[in-house]
Every structure is written in C-alpha cells, then in structure tokens.
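A.B. asks: So the sequence shown is numbered by my numbering: it starts at 62 and just counts up by one.
Backbone N, C-alpha and C define an ideal beta-carbon position, used for all residues, glycine too.
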Amino acid sequence: MDNDTRLLAFYRGESPDHKGRLLEDIWALSPFWLEHTHDYIQWLFPIPEASRFNSFAPLLTPAVQAAFANDERLRHHQQRSLDVMLNFLGLTRDGNIITAQPTLSIQTHIWLKAGGHNHLRITRMIRSLALCHQPTLARALQQAVIEIGTQHGVVGETSVRYWQDAF
C-alpha cells in the first residue's frame, strides 16, 4: 500500500498502523500507554514532515489533505483522536472550546512541566489539525495549551513559540 492509501485506510478504521493497531484500538488505550508509547501520534496527527522517531509513519501529502477537506468522517475521526489526547493531557472539549479538567495538575499531567516529548506532540497536533482542514480546532488547541500551560504549569517560552508557530 502506498503512503496515502495506508494513512486514509487507517483513519477510516479499515486498516492498522505499522504495529497492527486499528484507530479504535489506539482510542481505547490507557493514559499510561499513551505516555510511554511514542509511535502512534504520527498516525493520529500526520504532518508533511517525516518523523525522527517513527520512520514507519505516513506523511500528510496534498492528496491526503484534500481527502480530509472532502470527507467529514475523516475529520470526525481526527476530532475523536483529539478528544483522546485532550483527556490524556487533562483537558476537555465542548465543540470548539477547550478547557482544563477539574483534575488537571502538574503532579499528574507531565505536559505542564518544562519541555518534554508531550510539548512536541502538542505542536504536531496543532499543525495537523490546521493542515487537515480543522483550523478552528487547531486555533482552540493552540490558545488552550498556551493559556493553561502558562497559568497552571511551567511551560517555557520555547514551547509557547513552537505552539504559536504551528499554525
């Protein structure tokens, strides 16, 4: 299967990723798994650039972007992926509004600490949402992580700049 076919089949729930996981399988995994596994985020939130951490991840090509533009189901599935990751981050979404869950704390949500791989994941999520024709969600995520991360955590200027530049 070529890159575009693989990614679209995965996002439609018709075919697994490089490790045999279907999209719905990833949605059902625990926060512990989401924190300690590093090769799924590239599938949930594809971007045009190759990943340094997952050479098996497909790239977001113009053809895949066009498919997201024309297929509400693909966008809905990406919104579900966003909800899974928001829950992992201690955030929640109501439409296009993203807020902190009552249980959000720096002790249990690592992304509120300076640096780390979750900041890179957040950058990827913002960029992918924007490129997959969900700019309102991309902007909502961007604003939420900047505001919540700086108010409730010790998110540094470098991460904030990456998040601002992602969209």
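(1) According to DSSP, which residues form a beta bridge with aspartate 155?
(2) Would you list, in sequence order, the uninterrupted beta strand (DSSP E) runs of no fewer than 3 residues that lie entirely inside the region 163-206?
(3) Excluding the 5 residues flanking valine 206 on each side, which residues of the same chain have their C-beta closer than 7 Å to its C-beta?
(4) Enumerate in chain order the residues of its own chain whose CB-to-CB distance from glycine 74 is below 8 Å, with the five nearest sequence positions on each side excluded.
(5) Output the distance between the C-alpha atoms of glutamine 168 and valine 145, rounded to the nearest integer angstrom.
(6) Looking only at its own chain, which residues have a Cβ that is under 7 Å from the Cβ of lysine 174, when we skip the five neighbours before and after it?
(7) Would you decide whether glutamine 103 is buried or exposed? Buried here means 16 or more other CB atoms lie within 10 Å of its CB.
(8) Distance check for alanine 124 and glutamine 212, CA to CA, integer angstroms please.
(9) Give me the Cβ distance between histidine 180 and glycine 151, rounded to the nearest whole Å; I'm assuming they're in contact under 8 Å.
(10) Where does arginine 82 fall in DSSP's three states?
C.D. replies: To lay it out plainly:
(1) Ile158
(2) none
(3) Ile183 and Trp224
(4) Leu83, Leu84, Glu85 and His138
(5) 20 Å
(6) Ile167, Gly214 and Val215
(7) buried
(8) 39 Å
(9) In fact, because the Cβ distance is near 14 Å, the residues do not count as touching under 8 Å.
(10) coil
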